[in-house]
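A.B. asks: Just passing along the structure, written as structure tokens.
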């Protein structure tokens, strides 16, 4: 179960990355296309380790699958960033977090022709994790709208497709070789934003406030942390059986637990990022959600 500990570690780091992403998208870099371009292009830096990890050119089908999967992941990130930019966190995050594992579950069942399935206890853990993930971020006064639901479904489908295809890439290549090819695919997709979307090219070459030294340091530091989390998450996908990919998706509930802790600590100083209201009803809701997530983790470890 090493993949479980690795996945949880990745979600701890991603909780911090999420908060900083939200901060930058609501202040310094408000254009999701530009933000996605920077995130995707920085991924090409992984080529620096290529000479040290036995990087090689696989067969053409594996190259196509790797590049396509990396491109889909970056495109999914764009819709995630766009959703964060357009909607309140409490509206969009529960929907994406709840729908993504369901799509992953369905895609794996379809791609494996029904051969890769979870056991009864694992399905129960899967349901508990999803329920806890939705409950911990949901607010009754801020129910999801039709428009935000559309964004959530599209984002969730793209993320789940990227996760599932990533596992198939790892089934055909060693970890580091596959990881590098995935990042190359992401770089190509990010580059297409620059080539085919005039507003991205215009904003990148314009000197605007988000090019300040402070923003650059925050962004690069956050991307370094995000890269570390992404490596851990991909390592968990590499180690886990194919049928467990939806469970890795559903573990995002653990990230929300970390986010809740950070929100309580920082909501006063940074209310625009993630403000957490406190009441008896909300406390009961959060505790229930944490217990559901905890029960799901216990079932997995047992």
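In our numbering, the protein residues as written are 41 to 342.
Where is the CB? At the ideal position from N, CA and C, for every residue including glycine.
According to DSSP, is residue 46 helix, strand or coil?
C.D. replies: Sequence index remark: in the chain shown, residue 46 carries index 6 (1-based). Helix.
A.B. asks: Could you compute how far the alpha carbon of residue 292 sits from the alpha carbon of residue 225?
C.D. replies: One-based indexing of the chain shown puts residue 292 at position 252. One-based indexing of the chain shown puts residue 225 at position 185. Approximately 24 Å between the Cα atoms of the pair.
A.B. asks: For the segment 174-241, list the alpha helix (DSSP H) runs that are entirely contained and at least 4 residues long, ordered along the chain.
C.D. replies: 186-212, 215-236
A.B. asks: Going by Cα to Cα distance, which pick from 327, 301, 287 is closest to residue 44?
C.D. replies: For the purposes of this step, residue 44 is identified with residue 4 of the chain shown, where counting begins at 1. With distances taken between CA atoms, residue 44 lies nearest to 287 out of 327, 301, 287.
A.B. asks: Please list, in chain order, all residues of the same chain as residue 268 whose beta carbon is under 7 Å from its beta carbon, the five residues on each side excluded.
C.D. replies: Looking up residue 268 in the chain shown gives position 228. Cβ within range, chain order: 53.
A.B. asks: Considering only the alpha carbon of each residue, which of 147, 121, 148, 150 lies closest to residue 136?
C.D. replies: Counting from one through the chain shown, the residue named residue 136 turns up at place 96. If we check each option's Cα against that of residue 136, 121 comes out closest.
A.B. asks: Along the alpha helix (DSSP H) that carries residue 283, what are the first and last residues, could you check?
C.D. replies: Taking the chain shown and counting its residues from 1, one reaches residue 283 at position 243. Residue 283 -> no alpha helix (DSSP H), and no H or E assigned at all.
A.B. asks: Quick one: residues in its chain with C-beta nearer than 7 Å to the C-beta of residue 109, no 5 flanking neighbours on either side, listed in chain order?
C.D. replies: Here residue 109 refers to the residue found at position 69 of the chain shown. Excluding residues within five positions, the ones whose Cβ falls inside 7 Å are 202, 205, 206, 209, 222, 225.
A.B. asks: Would you kindly work out how many angstroms separate the C-alpha atoms of residue 86 and residue 220, rounded to a whole number?
C.D. replies: For the purposes of this step, residue 86 is taken as the residue at position 46 of the chain shown. For the purposes of this step, residue 220 is taken as the residue at position 180 of the chain shown. Cα to Cα, residue 86 sits roughly 6 Å from residue 220.
A.B. asks: Among 164, 123, 153, which has the Cα closest to the Cα of residue 193?
C.D. replies: Here residue 193 refers to the residue found at position 153 when the chain shown is read from its first residue. Cα-wise, what sits closest to residue 193 is 123.
A.B. asks: Cα-Cα, which of 235, 299, 298, 214 is closest to residue 93?
C.D. replies: By one-based count along the chain shown, residue 93 stands at place 53. Comparing Cα-Cα distances from residue 93 to each of 235, 299, 298, 214, the minimum goes to 214.
A.B. asks: Please report the residue range of the alpha helix (DSSP H) in which residue 122 lies.
C.D. replies: Taking the chain shown and counting its residues from 1, the one referred to as residue 122 is at position 82. Its alpha helix (DSSP H) spans residues 100-126.
A.B. asks: Contact between the segment 156-175 and the segment 325-340 is defined here as three or more beta-carbon pairs at a separation below 8 Å; is this criterion met?
C.D. replies: yes
A.B. asks: Taking the Cβ atom as the reference point for each residue, do residue 60 and residue 258 lie within a distance shorter than 8 Å?
C.D. replies: Counted from its first residue, the chain shown places residue 60 at position 20. Counted from its first residue, the chain shown places residue 258 at position 218. Taking 8 Å as the Cβ cut-off, residue 60 and residue 258 qualify as a contacting pair.
A.B. asks: Quick one: residues in its chain with C-beta nearer than 6 Å to the C-beta of residue 83, no 5 flanking neighbours on either side, listed in chain order?
C.D. replies: To locate residue 83, count along the chain shown from 1; it is residue 43. Same-chain partners within the cutoff: 223, 226, 227.
A.B. asks: Roughly how many angstroms separate the alpha carbons of residue 50 and residue 295, rounded to a whole number?
C.D. replies: Sequence index remark: in the chain shown, residue 50 carries index 10 (1-based). Sequence index remark: in the chain shown, residue 295 carries index 255 (1-based). So the two alpha carbons sit approximately 9 Å from each other.
A.B. asks: Could you spell out where the alpha helix (DSSP H) holding residue 337 opens and where it closes?
C.D. replies: Here residue 337 corresponds to residue number 297 of the chain shown, with the count starting at 1. Run containing residue 337: 320-341, per the alpha helix (DSSP H) assignment.
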